[in-house]
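Heads up: the structure comes next, in structure tokens.
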Amino acid sequence: MPHLTSTKKTASGTELHTGVGVPGFAHPLVAPAEWAELTRPGTPVHWVVLNVADGPGSRPDPHCLEAAGRLRNAGVRVLGHIDATYGARGFGEMISDAHRYIDWYKADGFLLDRCPTERTALPEIRRTVTTLRAIRDDAHVVLGHGTHPHPGYAESADQLVTFSGPWSDYRWSQVAEWTADYPPERFCHLVHGVPGGHLDEALRIARWQGASTIYFTDRTDRTDRGGRTDPWEAMPGYWDEIVSRIGTGVSE
Numbered sequence: 370m371p372h373l374t375s376t377k378k379t380a381s382g383t384e385l386h387t388g389v390g391v392p393g394f395a396h397p398l399v400a401p402a403e404w405a406e407l408t409r410p411g412t413p414v415h416w417v418v419l420n421v422a423d424g425p426g427s428r429p430d431p432h433c434l435e436a437a438g439r440l441r442n443a444g445v446r447v448l449g450h451i452d453a454t455y456g457a458r459g460f461g462e463m464i465s466d467a468h469r470y471i472d473w474y475k476a477d478g479f480l481l482d483r484c485p486t487e488r489t490a491l492p493e494i495r496r497t498v499t500t501l502r503a504i505r506d507d508a509h510v511v512l513g514h515g516t517h518p519h520p521g522y523a524e525s526a527d528q529l530v531t532f533s534g535p536w537s538d539y540r541w542s543q544v545a546e547w548t549a550d551y552p553p554e555r556f557c558h559l560v561h562g563v564p565g566g567h568l569d570e571a572l573r574i575a576r577w578q579g580a581s582t583i584y585f586t587d588r589t590d591r592t593d594r595g596g597r598t599d600p601w602e603a604m605p606g607y608w609d610e611i612v613s614r615i616g617t618g619v620s621e
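Listed below in structure tokens is the structure:
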């Protein structure tokens, strides 16, 4: 299979410290159990994205404020969702969103969703990331490309989302050669539609491709009764299984 051809180099016996990056559940009023589950002691969550209303919203949301506070008190990073619209969104708009996330929700960092991938957009993304770190000390910045971008982006952020999509694509995916120059902590994979019987395989692919932050779900991205179903808005049916397997590691 193609994912077996990775040249990713890891030290023998090195623990990758695999953990979960949650791309954002539904509103806490709609999914209270999901948000509460993330604060359970020992749950290996690297970060959780807070997306109030396609961004921070127009005013503070008390329910989101409470959920974010519980996560931060549990030692979990809360990232504000900022839509980069593949480079079409203005710098000022994105920074305005960031200020609101910091002022209202004390965000620990940001996910720049729909981040561009091409080299020509790199200077503007660098400018945005530099500004985000200027307005929030120690901001954890994740660039949500969803695919492998130009390698220059790896120098601009803490993590890159180099895969976001369905299991049908992920199981045959290949890793870009340049990622071998960076540790697994720099990469994240978000995969929906993963059948429970293939969870071990999905975890192995992430390890072979060198991504230590993952989110796998059996939920699917589909249109139902005229509306789109977001695969990330609910917790996967095998959440407890993911937590236990990450804790024990996955043998290759």
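Start counting at 1 in the sequence shown, then tack on 369, and there's your number in the working numbering. Idealized CB from N, CA, C, for every residue including glycine.
In the DSSP output, which residue or residues are listed as bridge partners for residue i?
i	result
residue 591	598
residue 460	Answer is none; residue 460 lacks a bridge partner.
residue 584	559
residue 447	417
residue 530	557
residue 389	414 and 583
residue 513	482
residue 429	Answer is none; residue 429 lacks a bridge partner.
residue 535	561
residue 452	482
Are there 16 or more other CB atoms within 10 angstroms of the CB of residue i, so buried, or fewer, so exposed?
i	result
residue 507	exposed
residue 420	buried
residue 505	buried
residue 479	buried
residue 399	exposed
residue 547	exposed
residue 524	exposed
residue 403	buried
residue 489	exposed
residue 605	buried
residue 503	exposed
residue 370	With a pLDDT of 36 at residue 370, under the threshold of 50, the modelled position of that residue is not reliable, and the figure given next carries that caveat. Exposed is the call here.
Tell whether a beta-carbon distance below 7 Å holds between residue i and residue j.
i	j	result
residue 393	residue 536	no
residue 473	residue 446	no
residue 484	residue 528	no
residue 567	residue 588	no
residue 554	residue 581	yes
residue 457	residue 408	no
residue 491	residue 449	no
residue 413	residue 583	no
Could you check how far apart the C-beta atoms of residue i and residue j are, in whole angstroms? I think they sit under 8 Å.
i	j	result
residue 395	residue 603	7 Å
residue 645	residue 498	Any answer about residue 645 is impossible in this case: the structure gives the chain only from 370 up to 621.
residue 467	residue 501	6 Å
residue 586	residue 563	7 Å
residue 460	residue 496	7 Å
residue 423	residue 452	7 Å
residue 406	residue 608	7 Å
Within the same chain, show all residues whose beta-carbon is closer than 6 Å to that of residue i, passing over the 5 residues directly before and after it, in chain order.
i	result
residue 486	514 and 518
residue 620	Per-residue confidence for residue 620 stands at a pLDDT of 38, beneath the threshold of 50, marking its modelled position as unreliable; no derived number is given.
residue 470	425, 449 and 476
residue 418	392, 393, 448, 450 and 480
Below 8 Å CB to CB, which residues in the same chain sit around residue i once its five sequence neighbours on both sides are set aside?
i	result
residue 372	Model confidence at residue 372 stands at a pLDDT of 35, short of 50, so the residue's coordinates are unreliable; what they give is reported in the following sentence. The answer, listed in chain order, is 540, 541, 542, 543, 544, 574, 577 and 578.
Identify, in the order they occur along the chain, each residue of the same chain with its Cβ nearer than 7 Å to the Cβ of residue i, setting aside the five sequence neighbours on each side.
i	result
residue 509	416, 446, 448, 477, 478 and 527
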